[in-house]
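Participant: Mind having a look at this structure? Questions to follow.
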Amino acid sequence: MSVAERMGFFTDTSICIGCKACEVACKEWNAIPTDGLDLLGMSFDNTGQLDANTWRHVAFVEQTHDGDLRWLMSSDVCKHCTHAACLDVCPTGSLFRTEFGTVVVQEDICNGCGYCVPACPYGVIDQRQGDGRAWKCTMCYDRIRAGGDGGRAGSGGGLMPACATACPTESIQYGPLDELRDRAARRLEQLHGEGVAQARLYGHDPADGVGGDGAFFLLLDDPEVYGLPPDPVVTTRDLPAMWRRAGLAALAMAAAVVASFVGGSS
Amino acid sequence: MKSYYGRQIVKTPVWRPDIPAYLFCGGLAAGSALLAAGADLTRRPALRRSGRLTALGAVAAGAAFLIHDLGRPARFHHMLRVVKPTSPMSIGTWTLTAFGPAAGLAAAAELTGVAPAAGRAAGLAAAGLAPALATYTAVLLADTAVPSWHEAYPQLPFAFAGSALASAAGAGLLAAPTAEAGPARRLAVAGAAMELAASHRLASTLGLTGEPYRSGRAGALLRASQALTAAGIAGAVLGGARRDSRRRRARLVSALSGAALLAAGALTRFGIFAAGVASTKDPRYTVVPQRARLEQSAADAGGGAGGRAPAGSADDERGAVGPGRDQLADDRVARDLPGDEEPA
C-alpha cells in the first residue's frame with residue numbers, strides 16, 4: 001500500500017442550497033439501506049442525524065432576527081479525524097486508517113462490539129439494526145482509490161466521492177487536505193471582506209482537540225446550532241490519566257484484601 | 001444554550017443491559033478470586049471454595065453476557081486478532097482471556113481435589129489479574145465521548161474496585177461459615193466504604209455532568225445501591241460481633257448482609273451505566289462544558305479580555321453563548337479590547 005496524499009472534504013455551508021443530492025448520491029453509491037420515511041417537523045430535515053444508514057446529512061436551520069428569516073443549510077459527514085477515537089478504541093482492528101488519511105470500517109472484521117459508537121465526539125458512527133456491525137462514511141474509499149480514470153479528483157487519480165460529485169454548487173469540495181485548507185482560508189477572508197462576520201471555519205485547525213478534521217466546514221453560526229460539538233476532544237487524549245487512576249484503584253483493591261486477611265482475629 | 005432542535009450530539013451507547021450485567025459479574029469474579037487466594041494462603045478452606053466457585057461462575061456468566069451483546073456474536077474471536085493498548089476493550093479482553101482459564105483451573109482443582117498445588121498456582125494467577133479485571137471496565141466506560149462517564153474517570157475505577165470487593169465479600173458472607181468469614185466481613189466494610197465514597201464523589205464533584213448521577217433512573221438506582229450498601233455494612237459488622245453467643249442469628253444476619261451487598265453491587269453498575277446513557281440524550285451535557293472550556297481558553301489567551309464575565313459555571317444556561325474562536329478574534333479587533341496583538 002503506497003501512501004498517498006491526505007485527502008479530505010471542505011464543506012462550505014455558505015453556498016449549500018439544501019438539495020440533498022449528497023445524501024441521495026451517498027445512499028445510491030454505497031447501497032445503504034433505507035431508514036424508512038419519517039417526518040420530523042424540523043424544517044426540511046427529515047433525516048435527523050448521521051447514523052449507520054446516513055453518511056451525509058443535510059441540516060436545515062431556520063432563524064428569525066427582527067422579522068428577517070435566515071435559512072442555514074449544512075451537509076454534515078464523518079470528520080475523518082486526525083486523532084480518531086473510533087479507530088483508537090476499536091478492539092478488533094476493523095477500523096483502520098487508509099493511505100488517504102481517512103478512517104474506514106472493514107465490514108468483514110467488525111464484530112459489532114459497539115465501542116466506536118459512544119467514542120465518537122461527533123456522534124457519527126453507529127451500529128446498523130438487523131446487521132449488527134458499525135457503519136459510517138468511507139469517503140468513498142472504493143471510488144477515490146479507483147485508478148486510471150484520471151477523473152476530476154485532482155491528485156490520486158481516482159474518482160471523487162459520490163457526494164462531492166453530485167453537489168451542484170461545490171459546497172462539498174474534495175481534494176488534498178492542504179489545498180482545501182488554503183482554499184477555505186481564502187474563502188473565509190473573502191466572506192469577512194464582504195461583511196459576513198459570522199463566517200468561521202470548523203475542524204480546520206490541526207491544534208484542536210482531534211488534531212484537525214479530514215472533513216472540515218465553513219459555518220455561519222456556532223457549531224452547536226448545526227448539531228456539532230463546539231470543542232470536541234478525542235477521548236483517548238486522557239487515556240494515560242485514566243489508566244493511572246485505574247492503577248491506583250487496583251492497588252487500593254489489593255491493599256484492602258491484604259488488610260482484611262492480616263488485620264483481625266478470625 | 002443553542003442546539004439543533006434540541007437533538008443529542010454524541011450517540012447513545014448501543015450496549016444492552018448485558019454490559020452493566022457484565023460489569024457486575026466481572027467485578028464479582030475479580031473480588032472472589034482475591035478472596036479465594038487470601039483464604040487459600042490463610043487456610044480457610046470453605047471461604048476458598050466459595051471464592052473459587054463464585055469466581056468461575058461469575059466470569060463465565062460475564063463472558064456470556066459480553067458475547068451476547070455483540071452485534072455479530074459469532075465473530076467474538078475477532079477480539080483476539082490484535083492487542084491494542086489504545087483500546088481498553090482490547091486490554092480487557094486479553095485480561096479476561098487470561099483470567100478465565102486461571103479461575104477455571106482453580107475451581108476445577110477445588111471441585112475434584114486433584115492437583116491442589118496447581119489449583120493454588122492458578123488461583124494466585126487469577127488473583128494477580130483480578131485488580132486489573134475489576135478496574136479496566138471503569139477505563140472502558142470513561143474512554144468514550146459520553147459526558148458523564150468521561151468526566152468521571154478519576155472516580156469510576158474506585159467505584160468499580162470498591163463495588164467488586166463488596167460484592168465478592170457479600171458472596172463470601174452468604175456462603176462461608178461464620179468461623180471463616182472474618183476476612184469477608186472486613187473486606188465488605190472496606191469495599192463498601194470505597195464504593196460509597198466514590199459514588200458520593202460522582203454525584204457531588206462533577207458539576208453539570210454529575211447531574212445524571214443524582215437524577216432520574218440512574219439517581220434512583222444509585223440511591224437504592226447506597227442504602228443497601230449501608231445496610232450491608234451494618235449487617236457485616238453485627239453478624240461478626242455476635243458470633244459466639246447467638247450463632248444462628250449471626251449467620252442469618254451475615255447472609256442477609258451478603259445478599260444486600262451483592263444487590264448493591266449490581267445496582268451500582270446499572271446506575272452508573274444509566275447515568276452515562278442519560279448524559280448522551282441531552283445536548284446540554286456535551287455543549288455547555290465544551291462552551292465553558294472554549295470561553296475559558298479564549299479568556300486566558302486574551303489576557304482576561306476586559307470586563308467580560310468569566311467562563312460560565314457548568315450549570316450556565318444562558319441563551320446567548322459566546323462566539324467561536326474565529327469570531328472572538330474578530331470581535332477583539334472590532335472592539336479594540338485589551339490584550340490584542342496589533343494587526344500585522
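Sequence lines, in order, name chains W and E.
Take the first sequence: its position 47, counting from 1, is numbered 47 in the numbering used here, and each next residue is one higher.
Take the second sequence: its position 250, counting from 1, is numbered 250 in the numbering used here, and each next residue is one higher.
No residue lacks a Cβ here, since even glycine has one placed at the ideal position from N, Cα and C.
Note that the structure is a prediction, hence the values are computed from the model and not measured.
1. Can you list, in chain order, the residues of its chain whose CB lies under 7 Å from that of residue 38 of chain E, leaving out five sequence neighbours each side?
2. Determine which residues of the region 186-219 of chain E have a Cβ less than 7 Å from any Cβ of chain W, and write them out in chain order.
3. Can you give, in chain order, each stretch of the alpha helix (DSSP H) that sits fully within the region 75-99 of chain W and has at least 4 residues?
4. Take the Cβ of residue 262 of chain W as the centre, count every other Cβ of all protein chains shown within 10 Å, and call the residue buried at 16 or more, exposed below.
5. 9 Å is my cut-off, CB to CB: does residue 249 of chain E come that close to chain W?
6. Please identify the residue among W:8, W:6 and W:12 whose C-alpha is closest to the C-alpha of residue 167 of chain W.
7. Check residue 132 of chain E in the structure and name its three-state DSSP category.
8. Residue 279 of chain E to residue 1 of chain E, Cα distance in whole Å?
9. Opposite residue 173 of chain W in the DSSP bridges: which residues?
10. Indicate whether residue 31 of chain E and residue 146 of chain E have their beta-carbon atoms separated by less than 9 Å.
11. Which residues of chain E have a Cβ atom closer than 7 Å to the Cβ of residue 133 of chain W, listed in chain order?
12. May I ask you to list, following chain order, the residues of the region 98-119 of chain W that have a beta carbon less than 8 Å from some beta carbon of chain E?
13. Three-state secondary structure (DSSP) at residue 3 of chain E?
14. Starting from residue 57 of chain W, trace the beta strand (DSSP E) in both directions and tell me its first and last residue.
15. Within 10 angstroms of its Cβ, does residue 96 of chain W collect 16 or more other Cβ (buried), or is it exposed?
16. Whose C-beta lies closer than 7 Å to the C-beta of residue 128 of chain W among residues of the same chain, with five residues either side of it excluded?
17. Taking a Cβ distance cut-off of 8 Å, strictly less, list which residues of the region 74-89 of chain W are near chain E, in chain order.
18. Cutting at 7 Å between CB atoms, please list the residues of its own chain near residue 10 of chain E, excluding the five before and the five after it.
19. Within the same chain, show all residues whose beta-carbon is closer than 7 Å to that of residue 140 of chain E, passing over the 5 residues directly before and after it, in chain order.
20. Give the straight-line distance between the Cα atoms of residue 259 of chain W and residue 191 of chain E, rounded to the nearest whole angstrom.
21. Determine the closest residue to residue 21 of chain E out of E:290, E:298 and E:272, with distance taken between C-alpha atoms.
22. Check whether the Cβ of residue 181 of chain W lies closer than 9 Å to any Cβ atom in chain E.
23. Does any CB atom of chain W fall closer than 9 Å to the CB of residue 160 of chain E?
24. Three-state secondary structure (DSSP) at residue 263 of chain W?
25. Listing by chain order, which chain W residues have their CB less than 8 Å from the CB of residue 347 of chain E?
26. Name the chain W residues that come within less than 7 Å of residue 49 of chain E, Cβ to Cβ?
27. With H, G and I counted as helix, E and B as strand and the rest as coil, what does DSSP make of residue 315 of chain E?
28. Thinking C-beta only, is residue 26 of chain W closer than 9 Å to residue 137 of chain W?
29. Can you check DSSP and say which residues form a bridge with residue 215 of chain W?
30. Would you please state the rounded distance, in angstroms, between the beta carbons of residue 106 of chain E and residue 43 of chain E? I believe it to be under 8 Å.
31. Got a sec, what are the start and stop residues for the beta strand (DSSP E) residue 52 of chain E sits in?
32. Would you list the residues sitting across from residue 200 of chain W in a DSSP beta bridge?
33. Within its chain, find whatever has a CB closer than 8 Å to the CB of residue 289 of chain E; leave out the 5 residues flanking it on each side and keep chain order.
34. Which runs of the alpha helix (DSSP H) fall wholly inside the region 149-176 of chain E and span at least 4 residues, in chain order?
35. Residue 71 of chain W CB to nearest chain E CB: under 9 Å?
Facilitator: According to the data block:
1. Numbered from 1 along the second sequence, position 38 holds the residue referred to as residue 38 of chain E. Residues of the same chain with a CB within less than 7 Å of the CB of residue 38 of chain E, apart from the 5 flanking positions on each side, are 183 in chain order.
2. 186, 187, 190, 191 and 194
3. Here the runs fully enclosed are 85-89.
4. Residue 262 of chain W sits at position 262 when you count from the first residue of the first sequence. With fewer than 16 other Cβ atoms within 10 Å, it is exposed.
5. Here residue 249 of chain E refers to the residue found at position 249 of the second sequence. No, no contact with chain W.
6. Working through the first sequence from its first residue, we reach residue 167 of chain W at position 167. The candidate whose alpha carbon is nearest that of residue 167 of chain W is W:12.
7. Looking up residue 132 of chain E in the second sequence gives position 132. Three-state result, residue 132 of chain E: helix.
8. For this step, residue 279 of chain E is matched to residue 279 along the second sequence. For this step, residue 1 of chain E is matched to residue 1 along the second sequence. One Cα belongs to residue 279 of chain E, the other to residue 1 of chain E, and the distance between them is close to 16 Å.
9. By one-based count along the first sequence, residue 173 of chain W stands at place 173. In DSSP, residue 173 of chain W forms a bridge with W:10.
10. Counting from one through the second sequence, the residue named residue 31 of chain E turns up at place 31. Counting from one through the second sequence, the residue named residue 146 of chain E turns up at place 146. With respect to residue 146 of chain E, residue 31 of chain E sits apart: the two C-beta atoms are not nearer than 9 Å.
11. Within the first sequence, numbered from 1, the residue matching residue 133 of chain W stands at position 133. Residues of chain E passing the Cβ test: 71 and 72.
12. Taking 8 Å as the Cβ-Cβ cut-off against chain E, the residues of the region 98-119 of chain W that qualify are 109, 110, 111, 112, 113, 114, 115, 117, 118 and 119.
13. As a position in the second sequence, residue 3 of chain E is number 3, starting the count at 1. DSSP places residue 3 of chain E in coil when its eight states are reduced to three.
14. Walking along the first sequence from the start, residue 57 of chain W turns up at place 57. 56-65 is the extent of the beta strand (DSSP E) around residue 57 of chain W.
15. As a first step, residue 96 of chain W is located in the first sequence; it is residue number 96 there, counting from the start. Exposed is the call here.
16. Counted from its first residue, the first sequence places residue 128 of chain W at position 128. These residues qualify, in order along the chain: 52, 53 and 135.
17. 85, 88 and 89
18. Position 10 of the second sequence holds residue 10 of chain E. Hits under 7 Å: 145, 146, 280 and 286.
19. Taking the second sequence and counting its residues from 1, the one referred to as residue 140 of chain E is at position 140. Only 88, 89 and 92 meet the Cβ criterion.
20. For the purposes of this step, residue 259 of chain W is identified with residue 259 of the first sequence, where counting begins at 1. For the purposes of this step, residue 191 of chain E is identified with residue 191 of the second sequence, where counting begins at 1. Approximately 11 Å, taken between the alpha carbons.
21. Here residue 21 of chain E is taken as the residue at index 21 of the second sequence, counted from 1. Closest by alpha carbon: E:272.
22. The residue you call residue 181 of chain W lines up with position 181 of the first sequence. With 9 Å as the cut-off, residue 181 of chain W does not count as an interface residue toward chain E.
23. As a first step, residue 160 of chain E is located in the second sequence; it is residue number 160 there, counting from the start. Residue-level contact check: residue 160 of chain E touches chain W, since one or more beta carbons of chain W fall below 9 Å from its beta carbon.
24. Taking the first sequence and counting its residues from 1, one reaches residue 263 of chain W at position 263. The answer is coil: DSSP assigns residue 263 of chain W none of H, G, I, E or B.
25. For residue 347 of chain E there is no data in the structure shown, the boundaries of chain E being 1 and 344.
26. Taking the first residue of the second sequence as 1, we reach residue 49 of chain E at position 49. The premise fails here: residue 49 of chain E is roughly 16 Å from chain W at the closest Cβ pair, so nothing lies under 7 Å.
27. For the purposes of this step, residue 315 of chain E is taken as the residue at position 315 of the second sequence. Any reading at residue 315 of chain E needs caution, since the residue's pLDDT is 36, under 50, leaving its predicted position unreliable; the model's value is listed next. If DSSP states are grouped into helix, strand and coil, residue 315 of chain E belongs with coil.
28. Here residue 137 of chain W refers to the residue found at position 137 when the first sequence is read from its first residue. Here residue 26 of chain W refers to the residue found at position 26 when the first sequence is read from its first residue. For residue 137 of chain W and residue 26 of chain W, yes; Cβs fall inside 9 Å.
29. On the first sequence, residue 215 of chain W is found 215 positions in, with the first residue counted as 1. Answer is W:9, bridged to residue 215 of chain W.
30. Start at 1 with the first residue of the second sequence, and residue 106 of chain E comes out as number 106. Start at 1 with the first residue of the second sequence, and residue 43 of chain E comes out as number 43. With a Cβ gap of about 16 Å, residue 106 of chain E and residue 43 of chain E do not count as contacting.
31. The sequence position of residue 52 of chain E within the second sequence is 52, counting from 1. From DSSP, residue 52 of chain E is part of no beta strand (DSSP E) but of the alpha helix (DSSP H) over 45-69.
32. Working through the first sequence from its first residue, we reach residue 200 of chain W at position 200. Its beta-bridge partners are W:219.
33. Looking up residue 289 of chain E in the second sequence gives position 289. If we look at residue 289 of chain E and ignore the five residues flanking it on each side, its Cβ neighbours are 147, 151, 207, 208, 209 and 314.
34. 156-175
35. The residue labelled residue 71 of chain W in the question sits at position 71 within the first sequence. It does not; no Cβ of chain E falls within 9 Å.
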